[in-house]
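Numbering (the numbering used here), first residue to last: 15 to 462.
Where a beta carbon is used, it is the ideal one built from N, C-alpha and C, also for glycine.
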Amino acid sequence: MTEEAYETRGCGLASAQVAPLSREQLYELVWREPMLRVAERLGVSSSYMARVCTELRVPRPPRGYWAQLAYGKAPAQPALPEVRAGDITEWRSGDFIGTNERAAKRIARIPSPTVEGAPVAAQKIRRRSHQPTAGKPLHPLLIGIKPFFEKTRDSENGILRPFKRLLVDVLSSKERLDVAIDAADKLFRTLTSRGHRVTIAPTSGQMRRADVDLRETPEKNRNQHSAWAPERPTVVFIGDVPIGLTLFEMTEIVEMLYVGNSQYVPVRNLTPEQRRRYSAPRYWTTAKDLASGRLCLQVYCPSWRVSWVKRWPEDKPGQFSSMVPDIVRELESAGPDLSAKLEAARILAEEEDRRWKDEQKRRREADERARQEKFRQDARRDLLAAIAGWDEARRIDAYFTAAALAAEHLDADERHRLLSRIALARELVGKNGPLEMLLHWRAPGERS
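Following this line, the structure appears as structure tokens:
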């Protein structure tokens, strides 16, 4: 990268960087000069710049590298790793970069729990917790998400609708949030242990999230409340094939009783005495969709061109963990088939794009031919008008010449009066003679 590009990329202000930096450009920057200077150019701190390098998987010089380089003792510069499917490939100041790679490195540093020889007290099962511990760290996508889910908008069906949208694709009620996080952790960790990376789709990935019907029995002809949706899909990569993941708590139809003050309670929770008290016509019942306590996993192809959706619902609460091995096997089996469908869709898209470009080219060529034909017709019309104007100009000039000759035979007053009228008439007709018209005429190639 040239020095001019350096100055364009950053001049000490975050707003100065307009174009995004690719991994290759960032790699070149951090190995050309110290991180502090690079960060200064881009208008960010050096610690933040280090985090950017980590998330983009760009190796950076170790501590003391520049001093060692001055004495010719610096270690060899590592190569830039190949891009994996779903990796962040570019960054600009202000972009969200996530914490996947950093969290993964922290988990890798945590030692496995020791059981043999450990004190009995240390092996006692502690109170159930969903915070990452030394024995059981959560998957990186799930660390610290619970407080964000608990900051939620009002919801009629009980499914949380958090204000923050850049979160993992999990939907549940507040009562089942811990269970949903545990289930997602079980699924993500199982997939990861099989070598499949689970992450939030990158901004440049052009992946879409499939619509989710929270009802245990989806119905096309019955409206449902719009559910919360994350900013970007959560995907697992089976090889290079992305598969979208949405874990949600299903809703079920519950008979509700209106008890006044805009409040409804489930009829199934009422005692016989309460049912007698809340009787019609003052109180009435209606059906509402409410959180059922049972989870469902929806997987889908995040490509716009491939329609593929599959669901795994729980028959009873707590069943999901036992379903995970079968789910993972089915996802692995679906990978090659989806890869073939995506490849066919890519070929079809390229063919459609080629046909579209050919059609656009033919249309432009037809438009240009029509345009040139119009120029030719306009030029011919103008030329014929100039020729006709020449005949008209000669006839008019002959008329005025004859009138002037006739004026010579009149007495002085009448001759003066006639010549004055001839002058006024010539002025009215104008001086656009045939030569002027030909000079102003434009040939077809001169028109635009």
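Chain-order list of residues whose beta-carbon lies under 7 Å from that of residue i (same chain, five-residue window excluded)
i, result
"H210", "V250, F251 and I252"
"D372", "none"
"A194", "V184, S186, L261, E263 and L309"
"P34", "E104, W105 and R106"
"V52", "L43, V44 and M63"
"P498", "The structure shown does not extend to residue 498, since the chain is modelled only from 15 to 462, so the question has no answer here."
"V342", "T204, L205 and R208"
"W318", "R222"
"M337", "W326"
"D254", "A99"
Simplified DSSP assignment, three categories, for residue i
i, result
"A393", "helix"
"Q277", "strand"
"F177", "coil"
"I436", "helix"
"K165", "coil"
"D1", "Any question about residue 1 goes unanswered here, given that the chain covers just 15 to 462."
"G258", "strand"
"T285", "coil"
"V182", "coil"
"E373", "helix"
"S336", "helix"
"W80", "helix"
"S293", "coil"
"R222", "coil"
"S61", "helix"
"S187", "strand"
"W404", "helix"
"K200", "helix"
Candidates the options, of which the one nearest residue i by Cα
i, options, result
"R394", "P458, P232, L453 and L433", "P458"
"R37", "P48, V72 and A64", "V72"
"A465", "K330, S434 and R409", "No information on residue 465 is available, as it lies outside the stretch 15 to 462 that the chain covers here."
"T231", "I173, W326 and F177", "W326"
"D405", "A437, L449, R223 and E379", "L449"
"K160", "E170, N171, R190 and G403", "R190"
"L70", "L345, D168, I214 and D101", "D101"
"P244", "N275, R291 and F163", "F163"
"S462", "R179, A384 and H423", "A384"
"A88", "L304, P154, R429 and Y79", "Y79"
"A418", "A439, L398 and I361", "A439"
"L6", "S240, G158, A437 and D351", "Because the chain in this structure spans residues 15 to 462, residue 6 falls outside the shown range and cannot be described."
"M451", "R74, D392 and G403", "G403"
"S276", "L284, Q333, R289 and E170", "E170"
Inter-residue Cα distance where the pair is residue i and residue j
i, j, result
"E328", "Q220", "31 Å"
"L156", "D199", "7 Å"
"R203", "G307", "23 Å"
"A400", "R456", "11 Å"
"E54", "V212", "33 Å"
"W322", "E460", "57 Å"
"P48", "A99", "30 Å"
"A380", "E346", "51 Å"
"D225", "G172", "19 Å"
"L442", "A412", "16 Å"
"R368", "E96", "30 Å"
"T68", "L152", "20 Å"
"R409", "R377", "47 Å"
"T22", "P256", "Annotation note: pLDDT 36 at T22 (below 50); position unreliable, no value reported."
"A301", "I267", "6 Å"
"S293", "A305", "26 Å"
"L259", "R46", "40 Å"
"T299", "T265", "18 Å"
"Q288", "D303", "22 Å"
"R142", "N283", "Here R142 scores only 44 on pLDDT, less than 50, and its place in the model is too uncertain to base an answer on."
"Q11", "Q312", "The first residue shown for the chain is 15 and the last is 462, placing residue 11 beyond what the model contains."
"T248", "S59", "29 Å"
"D351", "D340", "17 Å"
Cut-off 6 Å between Cβ atoms - residues of its own chain near residue i, not counting five sequence neighbours on either side
i, result
"L40", "V72"
"V279", "L271 and V273"
"L432", "A421"
"A359", "R319 and V320"
"R246", "I214 and A215"
"L94", "Y41"
"P75", "none"
Per DSSP, the bridge partner or partners of residue i
i, result
"F251", "R211 and P256"
"L311", "L261 and W326"
"K302", "V268"
"L43", "In the DSSP output, where bridge partners are listed per residue, L43 has none listed."
"L35", "W105"
"R229", "T265"
Residues of its chain near residue i, where Cβ-Cβ distance is below 8 Å and the 5 sequence neighbours each way are ignored
i, result
"L174", "F163, E164, T166, L185, S186, S187, K188, L191 and W242"
Contact with chain C by residue i, beta-carbon distance below 9 Å
i, result
"Y278", "Considering every chain present, this structure includes no chain C. It has just one protein chain."
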